[in-house]
Structures are given as C-alpha cells and as structure tokens.
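> Start counting the sequence shown at 724; every next residue gets the next number (our numbering).
Using N, Cα and C, we set each Cβ at its ideal position, and we do this for glycine too.
One structure coming up, written as structure tokens, with questions to follow.
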Amino acid sequence: MLQVCLNGARSRAECSRLPVTPDELAVAAREAVGAGAEDVHLHPKDRAGQDTLEATAVAAAVSAVRAAVPGIPVGVTTGAWATADPYVRAAHVRSWTVLPDHASVNWHEDGAADVAAALLDRGIGIEAGIYSGTPAARRFLDWPGSRRVLRVLAEITEATPRDALHAATGLLNELKSVAVPILLHGEDATAWPVLRLAASRHLDARIGLEDVLHLPDGTPASGNAALTRAARQIIQHTPQRTP
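Here it is, written out as structure tokens:
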C-alpha cells in the first residue's frame with residue numbers, strides 16, 4: 724500500500740506548494756490518488772496555517788478530501804505539537820463530528836494510550852507511530868490494545884541515509900512480533916532510501932510533502948502527485964528480498 728502524506732506540520736514558509744485549506748487538500752489528494760496513492764494522511768490546519776485537532780477543522784478537511792477521492796481511506800494526525808495536553812487531544816477526538824478512517828498516534832508522546840482509547844471508542848482506526856531512537860516500540864508492544872491497531876508506522880528519524888537504514892533495520896527487528904501491517908518511511912534526505920527499503924521488504928510505504936520536498940534526483944517536487952508517481956516507479960522496479 725502506498726500512502727500519500729499531503730502536508731504534515733510544515734508551513735508555506737517551507738513549501739509554497741503546500742496544501743493547507745480543505746479545497747487545496749482535496750485537489751492534492753485527487754491528483755495523488757490519480758498518480759497511484761491508495762490512502763491519504765493529512766494534517767488539518769487552522770486559519771493561521773497551524774496544525775489543529777479542533778472538530779470544525781477536522782470535519783472540513785476530511786469531508787473535502789473524502790468527496791474528492793471517494794472510497795480512499797482518509798486519516799489525520801493526533802500529534803502533540805497540535806495540542807500538547809494528551810487529555811485535551813483525547814477530548815478533541817471525542818468531539819469530532821466527521822470521523823476520519825484512521826488517525827496516527829505517536830507512541831513516544833505522553834498520553835498515547837489515552838488518545839488511542841478515544842479513537843477506538845469512536846471506531847477510528849489507529850496508525851501507531853513508532854519513532855526510531857525512542858522507547859516507543861516497547862511502550863506500544865506493552866500496551867494491551869496493540870493488536871487492535873490498523874497498522875504500525877515505523878518512522879525513521881535519523882538524518883542521514885546510512886544511519887536511517889541502520890535504524891530502520893533495528894526498528895523492524897523490534898517490531899517483528901506485531902500482527903498488523905507495517906508502514907515504513909523516512910523524511911527529507913532519508914525519505915527515498917527508506918522507501919526503497921520498504922519496497923524491497925514488501926512493506927507499506929508513504930510519500931508526500933510532509934516527508935520530502937524533492938524528487939529522487941534532487942529537483943524540487945511540483946507537488947504530491949509528482950512524489951507519488953516517483954514512489955510508484957520505485958516500488959514497481961525494486962526487487963523484493965526474501966524474508
């Protein structure tokens with residue numbers, strides 16, 4: 724499965740092409756799905772362009788994207804940078820009027836289990852975000868609900884390709900007991916090397932302006948669709964390793 728991550732916590736100061744408004748997210752999602760994306764992850768924004776978990780913003784973003792790509796799962800973030808207090812994050816989830824298909828929960832953040840419980844109570848799938856270099860994997864595996872998540876996001880945070888690939892191998896070994904699909908991804912300079920590793924291991928992958936602003940050859944990406952096309956080409960042409 725190839726997921727497109729449309730915007731992330733980035734701002735227009737980093738990328739003038741970043742989709743921010745519901746209408747922009749809808750257009751970006753339609754183009755990315757046309758280029759081969761099978762799932763959508765997005766960060767709802769407030770009027771100042773900052774990530775928010777507020778119900779009105781979530782409803783507007785999810786509704787617009789869902790209308791643009793009917794039948795494609797749509798997910799959102801629950802990251803602590805949007806709302807620091809985990810109990811407030813969980814309260815936001817309980818206040819949502821339009822429910823996404825899934826939402827990511829970062830297991831290195833305080834209160835992850837509380838946010839996850841709120842999502843499960845509402846019937847929203849959980850993407851368990853497991854950052855490399857943190858105790859997240861152990862915390863997640865020790866959580867009684869670990870088998871109830873939709874998938875695990877193995878999120879590689881190391882800055883160089885060599886370090887990232889080493890960390891990815893270690894993290895995948897830590898997660899070898901999970902009974903759900905694993906989506907492996909890197910960011911910025913490591914996004915493309917880690918995507919190739921995911922393809923070689925037949926794991927789910929993701930790409931988009933949240934993770935990287937450049938194509939594999941280093942040229943600036945025109946948008947999420949261009950990144951998706953490049954990722955699809957890599958996935959199709961990467962030999963798969965024997966487990």
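1. Do V799 and V811 have their C-beta atoms closer together than 8 angstroms?
2. Using a Cβ-Cβ cutoff of less than 7 angstroms, which residues in the same chain neighbour Y854 once the five nearest sequence positions on both sides are dropped?
3. As an exercise, report each continuous beta strand (DSSP E) stretch of at least 3 residues that is fully enclosed by the stretch 878–907, in chain order.
4. Is A914 near I957, with beta carbons less than 8 angstroms apart?
5. In angstroms, rounded to a whole number, what distance separates the CA positions of A778 and A805?
6. On the three-state DSSP scale, how would you describe N947?
7. Please list, in chain order, all residues of the same chain as C738 whose beta carbon is under 7 angstroms from its beta carbon, the five residues on each side excluded.
8. Given this structure, state the Cα-to-Cα distance separating D934 from A949, to the nearest angstrom.
9. Of all the beta strand (DSSP E) runs that stay within the bounds of the stretch 746–805, which reach a length of 3 or more residues?
10. Would you mind sorting A813 into buried or exposed? The rule is 16 or more other CB atoms within 10 Å of its CB.
11. With a cut-off of 8 angstroms, do at least 3 Cβ pairs link the stretch 867–877 to the stretch 892–911?
12. Considering only the alpha carbon of each residue, which of R919, R924, A928 and L926 lies closest to P939?
13. A763 to R861, Cα distance in whole Å?
14. So within the stretch 907–944, which uninterrupted beta strand (DSSP E) runs reach at least 3 residues, ignoring any that extend past its ends?
15. So what does DSSP say about A953, is it helix, strand or coil?
16. Rounded C-beta distance between S945 and R789? I'm assuming under 8 angstroms.
17. Where C728 and E850 are concerned, what is the direct C-alpha to C-alpha distance, given to the nearest angstrom?
Checking against the coordinates, here is how it stands:
1. no
2. N829, H831, E878 and T880
3. none
4. no
5. 13 angstroms
6. helix
7. L932 and L936
8. 13 angstroms
9. 762–765 and 797–800
10. buried
11. yes
12. R919
13. Inspection of the sequence shows that residue 763 is occupied by Val rather than by Ala. Going by the C-alpha atoms only, they are around 27 angstroms apart.
14. 927–930
15. helix
16. Actually they are not in contact, since the Cβ atoms of S945 and R789 sit about 24 angstroms apart, beyond 8 angstroms.
17. 13 angstroms
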